[in-house]
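Novice: Chains A and B, in that order, are what the protein sequence lines are.
Residues in the first sequence are numbered consecutively from 12, following the working numbering.
Residues in the second sequence are numbered consecutively from 677, following the working numbering.
We put the CB at the ideal spot given by N, CA and C, even for glycine.
Since we're looking at a predicted model, the values are computed, not measured.
Structure below; questions to follow.
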Amino acid sequence: SQQGEEDPQALSIQEGENATMNCSYKTSINNLQWYRQNSGRGLVHLILIRSNEREKHSGRLRVTLDTSKKSSSLLITASRAADTASYFCATDTGTYKYIFGTGTRLKVLA
Amino acid sequence: GAGVSQSPSNKVTEKGKDVELRCDPISGHTALYWYRQSLGQGLEFLIYFQGNSAPDKSGLPSDRFSAERTGGSVSTLTIQRTQQEDSAVYLCASSFRLDYNEQFFGPGTRLTVL
């Protein structure tokens with residue numbers, strides 16, 4: 012089964028609202044990354060959080076990591092229509108065999 | 677180069693035929709990865725290269741799959757005797773080095789096996 016599982020599988024919000032998606036994983040990790048995939052730009056790296064970090068910010072993105080619960084969350088604030096995409100978490104267990112989750116499909120309505 | 681490129685962008689083949697997928701990583705990137713993404717699914721890790729070496733091939737789905745990288749640059753993923761379940765988008769990514777975690781993805785090759 013997938014190392015990473017995102018929830019919800021799909022999320023629909025209005026422009027300007029915040030979007031939160033979660034990722035759970037099974038084994039110890041070195042770091043966790045979030046990627047965005049849309050038809051226009053393919054897969055794009057968003058942010059990386061290391062196992063010794065608890066929170067990280069990048070622009071409108073906020074990522075948290077709880078290694079005790081083996082979970083991470085991605086918050087997108089003040090969402091825009093251009094944020095419509097699928098979001099994946101990817102974990103690195105130190106073997107360089109990155110494991111991607113199943114993704115959250117986000118739709119931001121204008 | 678400006679980004680990771682992959683060719684062909686689309687490939688339709690008949691069951692039983694061999695296919696070769698190509699990946700051109702970003703110039704100077706020593707690490708290269710192959711993934712497979714089935715419709716509506718996440719990415720399935722296949723193999724990674726550090727330079728021309730692939731230390732772990734356990735992610736390849738079967739012995740019909742092989743990959744090589746030459747000159748520390750271009751990589752080819754070969755699927756022999758294709759099956760319908762091989763239909764997917766095959767994605768290649770590169771990074772500056774193996775422990776530099778940001779991966780830059782190519783646009784993918786959509787493989788359809790009839």
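For the segment 774-789 of chain B, which residues have a CB atom closer than 9 Å to at least one CB atom of chain A, in sequence order?
Specialist: 774, 775, 777, 778, 779, 780, 781, 782, 783 and 784
Novice: Less than 8 Å separating the beta-carbons of residue 88 of chain A and residue 71 of chain A?
Specialist: What you label residue 88 of chain A is simply residue 77 of the first sequence in a count that begins at 1. What you label residue 71 of chain A is simply residue 60 of the first sequence in a count that begins at 1. It is a contact, given that the beta carbons lie within the stated cut-off.
Novice: Between the Cα of residue 741 of chain B and the Cα atoms of B/712, B/750, B/748 and B/718, which residue gives the shortest distance?
Specialist: Stepping through the second sequence from its first residue, residue 741 of chain B is reached at position 65. The option with the nearest alpha carbon to residue 741 of chain B is B/712.
Novice: Per DSSP, which one or two residues make a beta bridge with residue 61 of chain A?
Specialist: Against the first sequence, residue 61 of chain A aligns to sequence position 50. Beta-bridge pairing links residue 61 of chain A to A/42.
Novice: Could you work out which residues of chain A lie near residue 717 of chain B, taking near to mean beta carbons separated by less than 7 Å?
Specialist: Numbered from its first residue, the second sequence carries residue 717 of chain B at position 41. Within chain A, the residues near residue 717 of chain B are 113.
Novice: Which residues in chain B have a C-beta closer than 9 Å to the C-beta of residue 25 of chain A? List them in chain order.
Specialist: In the first sequence, residue 25 of chain A corresponds to position 14, counting from 1. Near residue 25 of chain A there are no residues of chain B at all, since even the closest Cβ is about 25 Å away, more than 9 Å.
Novice: Between B/718, B/709 and B/685, which has its C-alpha nearest residue 115 of chain A's C-alpha?
Specialist: Numbered from 1 along the first sequence, position 104 holds the residue referred to as residue 115 of chain A. Among B/718, B/709 and B/685, the Cα nearest to that of residue 115 of chain A is on B/718.
Novice: Do you know whose CA, among A/38, A/84, A/53 and A/80, lies nearest residue 9 of chain A's CA?
Specialist: Because residue 9 of chain A is not part of the residues shown, which for chain A are 12 to 121, the question remains open.
Novice: Can you tell me the Cα-Cα spacing of residue 44 of chain A and residue 110 of chain A, whole angstroms?
Specialist: Position 33 of the first sequence, counted from the first residue, corresponds to residue 44 of chain A. Position 99 of the first sequence, counted from the first residue, corresponds to residue 110 of chain A. If you take the alpha carbons of residue 44 of chain A and residue 110 of chain A, they lie about 10 Å apart.
Novice: Give me the subset of the segment 47-62 of chain A whose CB atoms are less than 8 Å from a CB atom of chain B, sorted by chain position.
Specialist: 53, 54, 55, 56 and 59
Novice: Contact criterion: CB-CB distance below 8 Å. Does residue 108 of chain A meet it with respect to chain B?
Specialist: In the first sequence, residue 108 of chain A corresponds to position 97, counting from 1. It does; some Cβ of chain B falls within 8 Å.
Novice: Does any residue of chain B bring its CB to less than 8 Å from the CB of residue 18 of chain A?
Specialist: Taking the first sequence and counting its residues from 1, one reaches residue 18 of chain A at position 7. With 8 Å as the cut-off, residue 18 of chain A does not count as an interface residue toward chain B.
Novice: Throw me the rounded Cβ distance for the residue 113 of chain A and residue 17 of chain A pair, which I believe falls under 8 Å.
Specialist: Along the first sequence, read from residue 1 onward, the residue named residue 113 of chain A stands at position 102. Along the first sequence, read from residue 1 onward, the residue named residue 17 of chain A stands at position 6. Right, their Cβ atoms sit about 6 Å apart.
Novice: Does any CB atom of chain A fall closer than 8 Å to the CB of residue 739 of chain B?
Specialist: As a first step, residue 739 of chain B is located in the second sequence; it is residue number 63 there, counting from the start. Cβ-Cβ to chain A under 8 Å: no for residue 739 of chain B.
Novice: For a cutoff of 8 Å on Cβ pairs, would you count residue 124 of chain A as touching chain B?
Specialist: Shown here, chain A extends from 12 to 121; a query on residue 124 of chain A therefore has no answer.
Novice: Residues of chain B with CB closer than 9 Å to the CB of residue 33 of chain A, please, in chain order.
Specialist: Taking the first sequence and counting its residues from 1, one reaches residue 33 of chain A at position 22. Neighbours of residue 33 of chain A on chain B: none; closest Cβ ~15 Å, over 9 Å.
Novice: Between the Cα of residue 55 of chain A and those of B/789, B/779, B/784 and B/790, spot the shortest distance and give me the residue it belongs to.
Specialist: For the purposes of this step, residue 55 of chain A is identified with residue 44 of the first sequence, where counting begins at 1. Measuring C-alpha to C-alpha distances from residue 55 of chain A to each of B/789, B/779, B/784 and B/790 identifies B/779 as the nearest.
Novice: Tell whether a beta-carbon distance below 8 Å holds between residue 748 of chain B and residue 681 of chain B.
Specialist: In the second sequence, the residue the question calls residue 748 of chain B occupies position 72. In the second sequence, the residue the question calls residue 681 of chain B occupies position 5. No, these two residues do not count as a Cβ contact at 8 Å.
Novice: State buried or exposed for residue 770 of chain B, treating a residue as buried only when at least 16 other CB atoms are found within 10 Å of its CB.
Specialist: Against the second sequence, residue 770 of chain B aligns to sequence position 94. When all chains shown are included, residue 770 of chain B counts as buried.
Novice: Along chain A, in chain order, which residues have C-beta atoms closer than 9 Å to that of residue 767 of chain B?
Specialist: Along the second sequence, read from residue 1 onward, the residue named residue 767 of chain B stands at position 91. Per Cβ cutoff of 9 Å: 53 and 54.
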